[in-house]
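In this note's numbering, the protein residues as written are 2 to 117. Before any comments, here is the structure.
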């Protein structure tokens with residue numbers, strides 16, 4: 002899927018994709034409701050934001066991109082690329098959905114070096 006197609010998704014759709022992976026794999030739940038998937042996705046992102054922040058913000062490319070003022074799709078594409086190369090931290094979560102949520106929610110701003 003292209004970054005444009007991923008970027009076009011709304012946040013609830015992204016949370017649902019993450020939540021569906023969590024519920025089906027971690028909890029063995031079949032056919033969860035949309036509300037359950039969105040809630041599970043939000044909880045997972047909240048629980049993993051420290052790990053994601055550390056993983057993404059320690060990457061030199063992100064530091065360069067943020068200092069250079071890259072935002073939006075460019076930054077999201079970079080974050081997704083990083084997560085796809087570190088799927089062990091996320092498995093079985095879709096890295097594209099998690100990466101875009103990370104970017105949209107501004108989790109990288111949690112890092113002291115990015116808090117300006």
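C-beta atoms are modelled at their ideal positions from N, C-alpha and C, and glycine is treated no differently. Everything numeric in this text was worked out from a predicted model, so none of it was measured.
In terms of Cβ geometry, residue 58 and residue 77 do not form a close pair [threshold 8 angstroms]. Pairing residue 5 with residue 86, the inter-Cα distance amounts to about 20 angstroms. If you draw a 10 Å sphere on the C-beta of residue 96, you find 16 or more other C-beta atoms in it, and that means buried.
Contact fails between the segment 49-67 and the segment 28-41, because fewer than three Cβ pairs, one in each stretch, are under 8 angstroms apart.
C-alpha of residue 75 to C-alpha of residue 16: approximately 21 angstroms in a straight line. At least 8 angstroms separates the beta-carbon of residue 37 from that of residue 62.
Between the C-alpha atoms of residue 28 and residue 99 there is a straight-line separation of about 19 angstroms. Around the beta carbon of residue 68, fewer than 16 other beta carbons lie within 10 angstroms, which makes this residue exposed.
The beta-carbon distance between residue 90 and residue 56, rounded to whole angstroms, is 6 angstroms. This is short enough to meet the 8 angstroms contact definition. For residue 81, the enclosing alpha helix (DSSP H) begins and ends at 73-85.
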